[in-house]
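*Asks:*
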Amino acid sequence: MESPFKGKTGLRRVWNAFHYSLDGLRAAYRHEDAFRQEVWLALLLIPLALWLGDGAVSKGLMIGSVMLVLIVELINSAIEATVDRISLESHRLAKRAKDIGSAAVLIALLNVGVVWGLVLFG
Numbered sequence: 264m265e266s267p268f269k270g271k272t273g274l275r276r277v278w279n280a281f282h283y284s285l286d287g288l289r290a291a292y293r294h295e296d297a298f299r300q301e302v303w304l305a306l307l308l309i310p311l312a313l314w315l316g317d318g319a320v321s322k323g324l325m326i327g328s329v330m331l332v333l334i335v336e337l338i339n340s341a342i343e344a345t346v347d348r349i350s351l352e353s354h355r356l357a358k359r360a361k362d363i364g365s366a367a368v369l370i371a372l373l374n375v376g377v378v379w380g381l382v383l384f385g
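The sequence shown begins at 264 in this note's numbering and counts up one residue at a time.
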């Protein structure tokens, strides 16, 4: 059985999807401390990348690495919310799912350091 929300097509679907995405960003900012901190970090680093980057490719890599952190954090938050929705009791698979999501965020943050280091000092 498909979701009852799947019936929209065309521009209406795009408009609805845009608003659902904004709702998701608001919810993540409101309820997820890590996402909020990473947004503030992005607000600092993106202008810094525009100032420090030497050319479009360098700037793009630096900004892209920061944006990737936000994307991965959103996915991690969605995984955590889904796991918590299913059950709040401690379970090894729930822990594994949350730990793997957290590891993905860590790798994205390390990627920022590597990309910025290579662009600025490489």
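The beta carbon of each residue, even a glycine, is placed where N, CA and C say it ideally should be.
(1) Would you mind working out which of His-282, Met-264 and Ile-309 sits nearest Val-391, comparing C-alpha positions?
(2) Contact between the region 361-378 and the region 322-338 is defined here as three or more beta-carbon pairs at a separation below 8 Å; is this criterion met?
(3) Could you tell me the boundaries of the alpha helix (DSSP H) in which Gly-376 lies?
(4) Nearest to Ile-338 by CA position, among Thr-272, Ala-360 and Leu-356, is which residue?
(5) How many angstroms separate the CA atom of Ser-273 from the CA atom of Asp-286?
(6) Is it true that the CB of Val-332 sits closer than 8 Å to the CB of Leu-234?
(7) What first and last residue would you give for the alpha helix (DSSP H) that runs through Glu-310?
(8) Is the CB-CB distance between Val-346 and Ala-367 below 8 Å?
(9) Using only the alpha-carbon positions, how far apart do Gly-318 and Ala-312 sit?
(10) Just reading off the alpha helix (DSSP H) that Thr-272 is part of, what are its end residues?
(11) Quick check: Glu-295 and Ser-340, are their CB atoms within less than 8 Å of each other?
(12) In the structure shown, what three-state DSSP assignment does Leu-351 receive?
*Replies:* Taking the definition as stated:
(1) Since the first and last residues shown for the chain are 264 and 385, residue 391 lies out of range.
(2) yes
(3) 355-384
(4) Ala-360
(5) One detail in the question is off: residue 273 reads as Gly in this sequence, not Ser. If I take the Cα positions, the gap works out to 20 Å.
(6) Because residue 234 is not part of the residues shown, which for the chain are 264 to 385, the question remains open.
(7) The amino acid occupying residue 310 in the given sequence is Pro; Glu does not appear at that position. Its alpha helix (DSSP H) spans residues 296-315.
(8) Cβ atoms of Val-346 and Ala-367: not closer than 8 Å.
(9) 10 Å
(10) Thr-272 -> no alpha helix (DSSP H), and no H or E assigned at all.
(11) yes
(12) Three-state DSSP puts Leu-351 in coil, outside helix and strand.
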